[in-house]
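A short worksheet on the structure shown next.
Protein chains: 2
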Amino acid sequence: MENSKYLIIYNDIVEKIEKAEYEPNAKLPSENELMQMYDVSRDTVRKALLRLEQNGYIQKIKGKGSFVLDINKFDFQVSGLISFKELASKMGGSVQTIVEELEVVKPDKYLQKQLQISEQDEVWKIVRARKIKDKRIILDKDFILKRVADGFTKEICQNSIYEYIENVLGLKISFAKKEIVVKNATDEDKRYLDLDGYDVVVVVKNYVYLEDMTLFQYTESRHRPDKFKFIDFARRHK
Amino acid sequence: MENSKYLIIYNDIVEKIEKAEYEPNAKLPSENELMQMYDVSRDTVRKALLRLEQNGYIQKIKGKGSFVLDINKFDFQVSGLISFKELASKMGGSVQTIVEELEVVKPDKYLQKQLQISEQDEVWKIVRARKIKDKRIILDKDFILKRVADGFTKEICQNSIYEYIENVLGLKISFAKKEIVVKNATDEDKRYLDLDGYDVVVVVKNYVYLEDMTLFQYTESRHRPDKFKFIDFARRHK
DNA sequence: TAGTGGTCTAGACCACTTT
DNA sequence: AAGTGGTCTAGACCACTAA
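Residue numbers (UniProt numbering), protein chains in the order written: chain A, 1 to 238; chain B, 1 to 238.
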């Protein structure tokens, strides 16, 4: 995968931070020391540190050094592009996926707009309910352009769609635009989720793009409001 | 500030993209051409392009070039660390701030935990209602460590707290952790907001840190659910 | 094959913090 | 004064895309 030196260094330091080998608030070795430790140029060290800083692992302070942040230990990280499967593995066992619908459809007007496609284009429609501790908490509705990604089965959907797309199909996901809003619960929400009396759901709309800038997937994640939590790490650069 | 070459180039290209001088999906000049245009080294050009990519302005494709993304034109950008004042200026006139409370308080247990301080520490408590089109839509509750930032007046709060903190006090905000959840509306919410029948609010908790890693501000933004929208741009790098 | 972005190097000077 | 991170340079080689 990642043979570049700076990514190896990045991953190595991430691991050390997560194992608390570098403790919160501790000072990392200086750039000079890291150069010697990994036997690379300063620029390569700096590339690794830049990524650590951007992902919220460290804070660099001019004249002082790089320090480990502890705010990155999120109990329920949903930020970035993490998938339910990745999330589940961080949360331990008690999660489960139920595939409710899996079919190829012609897009209606709404979907044509979301995916910026014509009515001729075929789309995979995948609806999954997510159980946490035996309660249906999240309803995931995925719409995927058939001409870009095809061959979905119930097994794949029960496992991880992303894993299939990235590892089996070899497609490279580049970025996503995410939108969070609150909507009144629909009949579909009430049918598939244990809403526990709530009449609204938190809707996370996700527009996923490939490396060549094509939009190929639109996802709606509909959450029971009391179980929803979104965490974001933001750096301020004007 | 903005004396560094790569930031000047970055800002210049941002401006050109926002003015559509570089149109959506168009190809930017190559790194070689940009080197000549700005008379800098390739590394300096690449630093500018890296920031453009990370902020969702462009997509770089190996062997092809850098292309302008159009998804960055958010009608209601709340991502990152943008403040209400900045937001308002993007939305035009029809917004208004009402300062409901402004006082120095001793932190209660909850606040001691949020700001990681002792009960001796004094804290500025600032409560503001935000009107959009004459409806009270957002309730901002700011808690700021007095020993770090002091001297708040009604005028400052009506204008922009961030502007005061950054430009007048000269403090440098470095990063923030943001948390979005949905809560049942409190009596305070009902008193200060036009909730229009809704019995929940979207709560955005914001923990703001300075460059020296000190946590100095905790903010709760409480939104009427139907008027809330959060947009995020996320790049996937494993 | 020519052009593009991705990685890596070695060296320089600066501004800031600490001693 | 010594150490730290921030910026900038010039040059090299690679992998990918296009003609």
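Glycine is no exception: its CB is placed at the ideal position from the N, C-alpha and C atoms. Computed from a predicted structure; not experimentally measured.
Continuous beta strand (DSSP E) stretch holding residue i: start and end
| i | result |
| --- | --- |
| Lys141 (chain A) | 135-145 |
| Arg128 (chain B) | 123-132 |
| Lys205 (chain B) | 200-210 |
| Ser160 (chain B) | Looking at the DSSP string, Ser160 (chain B) is not in any beta strand (DSSP E), and its letter there is neither H nor E. |
| Gly65 (chain B) | 65-68 |
DSSP-derived helix/strand/coil call for residue i
| i | result |
| --- | --- |
| Gln36 (chain A) | helix |
| Lys172 (chain A) | coil |
| Val45 (chain B) | helix |
| Asp232 (chain B) | strand |
| Asn25 (chain B) | coil |
| Tyr218 (chain A) | strand |
| Asn184 (chain B) | strand |
| Lys60 (chain A) | strand |
| Leu102 (chain A) | strand |
| His223 (chain B) | strand |
Nearest residue (CA-CA) to residue i, options the options
| i | options | result |
| --- | --- | --- |
| Ile173 (chain B) | B:Arg42, B:Glu211, B:Val95, B:Pro107 | B:Glu211 |
| Lys227 (chain B) | A:Asn184, A:Arg191, A:Thr219, A:Glu15 | A:Asn184 |
| Ile137 (chain B) | B:Tyr192, B:Leu215, B:Ser30 | B:Tyr192 |
| Leu102 (chain A) | A:Lys5, A:Arg42, A:Asp150, A:Gly197 | A:Asp150 |
| Thr153 (chain A) | A:Lys125, A:Lys131, A:Arg130, A:Leu171 | A:Lys125 |
| Asp121 (chain A) | A:Lys133, A:Lys106, A:Leu169 | A:Lys106 |
| Ile161 (chain B) | B:Arg128, B:Gly65, B:Lys5, B:Pro225 | B:Arg128 |
| Asp43 (chain A) | A:Tyr6, A:Gln116, A:Tyr57 | A:Tyr6 |
| Asp142 (chain A) | A:Asp134, A:Ile156, A:Lys135 | A:Ile156 |
| Phe108 (chain B) | B:Ile98, B:Val123, B:Lys178, B:Glu163 | A small fix is needed here, since residue 108 (chain B) is Asp in this sequence, not Phe. Out of B:Ile98, B:Val123, B:Lys178, B:Glu163, B:Val123 has the C-alpha closest to the C-alpha of Asp108 (chain B). |
| Gln158 (chain A) | A:Ile98, A:Gly63, A:Met35 | A:Ile98 |
| Leu50 (chain B) | B:Val14, B:Lys19, B:Val168 | B:Val14 |
| Tyr207 (chain B) | B:Glu163, B:Asn167, B:Gln116 | B:Gln116 |
| Val40 (chain A) | A:Gly170, A:Ile61, A:Ser4 | A:Ser4 |
Residues near residue i in its chain [Cβ-Cβ closer than 6 Å; skip 5 each side]
| i | result |
| --- | --- |
| Val204 (chain B) | Ile180, Ser221 |
| Gln59 (chain B) | Phe67, Leu69 |
| Pro24 (chain B) | Val68, Asp70 |
| Asp187 (chain B) | none |
| Tyr164 (chain B) | Ile156 |
| Met35 (chain A) | Arg42, Val45 |
| Thr219 (chain A) | Asp142, Asn206 |
Nonlocal neighbours in the same chain, by C-beta distance under 7 Å from residue i, ignoring five residues either side
| i | result |
| --- | --- |
| Asp189 (chain B) | Leu139, Leu195, Val201, Arg222 |
| Pro29 (chain A) | Met37 |
| Gln96 (chain B) | Lys131 |
| Ile17 (chain A) | Tyr57, Val68 |
| residue 252 (chain B) | With chain B covering 1 to 238 only, the question about residue 252 (chain B) has no answer from this structure. |
| Tyr10 (chain A) | Ala48, Arg51, Leu52 |
| Gly65 (chain B) | Lys27, Leu28, Ser30 |
Other residues of its chain near residue i: CB distance less than 8 Å, five sequence neighbours each side excluded
| i | result |
| --- | --- |
| Arg46 (chain B) | Glu31 |
| Tyr198 (chain A) | Ala185, Arg224, Pro225, Asp226 |
| Ser118 (chain B) | Gln112 |
| Glu166 (chain A) | Lys172, Ile173 |
| Val182 (chain B) | Val200, Val201, Val202, Val203, Pro225 |
| Val104 (chain B) | Glu122, Val123, Trp124, Lys125, Lys146 |
Residue i: first and last residue of the uninterrupted alpha helix (DSSP H) it sits in
| i | result |
| --- | --- |
| Glu15 (chain B) | 5-18 |
| Glu119 (chain B) | Looking at the DSSP string, Glu119 (chain B) is not in any alpha helix (DSSP H), and its letter there is neither H nor E. |
Supposed contact pair residue j and residue i - C-beta distance, whole angstroms, cut 8 Å
| i | j | result |
| --- | --- | --- |
| Phe175 (chain B) | Tyr209 (chain B) | 5 Å |
| Lys135 (chain B) | Ser94 (chain B) | With 8 Å as the limit, Lys135 (chain B) and Ser94 (chain B) do not qualify as a contact, their Cβ atoms being about 10 Å apart. |
| residue 316 (chain B) | Val168 (chain B) | With chain B represented from 1 up to 238, any question about residue 316 (chain B) goes unanswered, as that position is not in the structure. |
| residue 243 (chain A) | Ile144 (chain A) | In the structure displayed, chain A extends from 1 to 238; residue 243 (chain A) sits before or after that span and is not available. |
Any non-hydrogen atom of the ligand NAD closer than 7 Å to residue i Cβ
| i | result |
| --- | --- |
| Arg235 (chain B) | Questions concerning the ligand NAD fall outside what the structure shown contains, since it holds no ligand whatsoever. |
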